[in-house]
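The sequence shown runs 439 to 772 under this note's numbering.
Here the structure comes first, spelled out in structure tokens, and everything after it is commentary.
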Amino acid sequence: MSSGDPDTKNLNAFIVVLMLGIVIRTFDWSLEKEPLSRALYPAKGPRSTLMDALDLATTLRGHGWDWSRGVYIPRETRPTNRRGFTFHVILSGAIHALSCGVLYSAIRSFSPTTGLGTPSGGSIFDETLPFYVRYLRGSIISTIVVWADCAAIQTCYDLCTIIGVLIFRQDPAQWPPAFDAPWSATSLSDFWGRRWHQFFRRMFLIHGGYPLSFVLGKAGLVIGSFLSSGVLHHIVMLSLNDRSELWRAVVGFGMMAPVILAEQALRHWTGRKVDGTVGWVWTMAWLYVCGNPIVDAFARGGVFGHMSFVDRVVPGRAVIHGLVTDVDAWLRAM
Numbered sequence: 439m440s441s442g443d444p445d446t447k448n449l450n451a452f453i454v455v456l457m458l459g460i461v462i463r464t465f466d467w468s469l470e471k472e473p474l475s476r477a478l479y480p481a482k483g484p485r486s487t488l489m490d491a492l493d494l495a496t497t498l499r500g501h502g503w504d505w506s507r508g509v510y511i512p513r514e515t516r517p518t519n520r521r522g523f524t525f526h527v528i529l530s531g532a533i534h535a536l537s538c539g540v541l542y543s544a545i546r547s548f549s550p551t552t553g554l555g556t557p558s559g560g561s562i563f564d565e566t567l568p569f570y571v572r573y574l575r576g577s578i579i580s581t582i583v584v585w586a587d588c589a590a591i592q593t594c595y596d597l598c599t600i601i602g603v604l605i606f607r608q609d610p611a612q613w614p615p616a617f618d619a620p621w622s623a624t625s626l627s628d629f630w631g632r633r634w635h636q637f638f639r640r641m642f643l644i645h646g647g648y649p650l651s652f653v654l655g656k657a658g659l660v661i662g663s664f665l666s667s668g669v670l671h672h673i674v675m676l677s678l679n680d681r682s683e684l685w686r687a688v689v690g691f692g693m694m695a696p697v698i699l700a701e702q703a704l705r706h707w708t709g710r711k712v713d714g715t716v717g718w719v720w721t722m723a724w725l726y727v728c729g730n731p732i733v734d735a736f737a738r739g740g741v742f743g744h745m746s747f748v749d750r751v752v753p754g755r756a757v758i759h760g761l762v763t764d765v766d767a768w769l770r771a772m
């Protein structure tokens, strides 16, 4: 879709995600022994049946469908009436779109000479810096990347929500929140199983979790899901930069599995789960240990070098660039 234009290669990534979703979902449905049914809002006529078919084909979490058992749906905190809900979603989309543009502009402003914000890619770790400064700087970049990704995903979800509620006249309850305050997670299991978005949960289970569970049992379910996440993220990155390296994404996501298995073992042996303030510190520490390699894989794959429309129109880009450049210079002087 980019027609060779490096600035629009993110469209290629969109198509790859769409194709992966279609292939894996088709395989998933081919194994179903019973017709898929909808517990919430059952069909009541031809139009409802058509809308159910559309919802089934496009829903990622399967909210309201029998195949989504086990998926966590965050508690609704937005207005429940259609007018208030729509206004809230439009406002949320605008705020998150602006935040997304600001944060991605900040990411690209970190030492542009190293290739971090270019389509060819570059590492978040500057090898010319001392180890502690290099890792501190990389962790700051990773933090900004996570917030930017949250904003980007929320913006896309808000846009889809507006289309569903206003154009297709769906009930607002069919569009539950995407995130549940991931910064409040008190364990890695809590982060990935509840707090972070669950849009690709089923895809990772079908592609990696369930197959490996036949060999390793419940441990294989966890390990396979995270390995699948690494592989599929790498495939998407290949659409942006054919020099992306598979092992970087697989190692980053794969490192999450042993930590989650350790949390499960602790609860099994002691009856106590990782929780509270200590659990929050534990979670954040492991997210940096495991997350920095993931962000580095994205950076090396040139993910941050492809600008969207929002990135181009965000106000104050020169100011953002100046502030980030000053912070980067301060870090280098440490």
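All C-beta atoms in this analysis are idealised placements derived from N, C-alpha and C, irrespective of residue type, glycine included.
In the three-state scheme derived from DSSP, where H, G and I count as helix and E and B as strand, Trp503 is classed as strand. Thr593 is positioned such that its CB atom lies closer than 7 Å to that of Cys538.
Bridge partners of Arg476 according to DSSP: Trp503. Using a C-beta cut-off of 8 Å, the stretch 676-685 makes contact with the stretch 735-754, since at least three inter-stretch Cβ pairs fall below that distance. Taking 4 residues as the minimum length, the alpha helix (DSSP H) runs contained wholly in the stretch 507-579 are 520-546, in order along the chain.
The criterion of a C-beta distance shorter than 7 Å is not satisfied by Pro512 and His526. DSSP, reduced to helix, strand and coil, places Asn679 outside both helices and strands of the structure shown, so it counts as coil. With at least 16 other beta carbons inside 10 angstroms of its own, Tyr542 counts as buried. Under the DSSP assignment, Ile460 falls in the alpha helix (DSSP H) whose first and last residues are Asn448 to Ser468. Per DSSP, the unbroken alpha helix (DSSP H) holding Pro696 starts and ends at Met694 to Thr708. Distance from Leu769 to Arg575 at the Cβ level is roughly 5 Å; contact confirmed, criterion being Cβ atoms closer than 8 Å. At a Cβ-Cβ threshold of 7 Å, Met675 and Cys728 do not count as neighbours. Scanning Ile533, Ala623 and Trp707 for the CA closest to the CA of Trp718 turns up Ala623. Val765 and Ile661 have their alpha carbons spaced roughly 38 Å apart. The Cβ atoms of Thr721 and Phe664 do not sit closer than 7 Å to each other. Here Glu472 is exposed: its Cβ has fewer than 16 other Cβ atoms, across all protein chains shown, within 10 Å. Rounded to whole angstroms, the Cβ separation of His635 and Leu670 is 15 Å, and the two are not in contact under 8 Å. Excluding sequence positions up to five before and after Tyr510, its CB lies within less than 7 Å of the CB of Gly631, Arg632 and Gln636, all in the same chain and listed in chain order. In the three-state reduction of the DSSP assignment, Val752 falls in the coil class, being assigned neither a helical nor a strand state. Assigned with DSSP and collapsed to three states, Lys656 falls in helix. Secondary structure of Trp613 (DSSP, three-state): coil.
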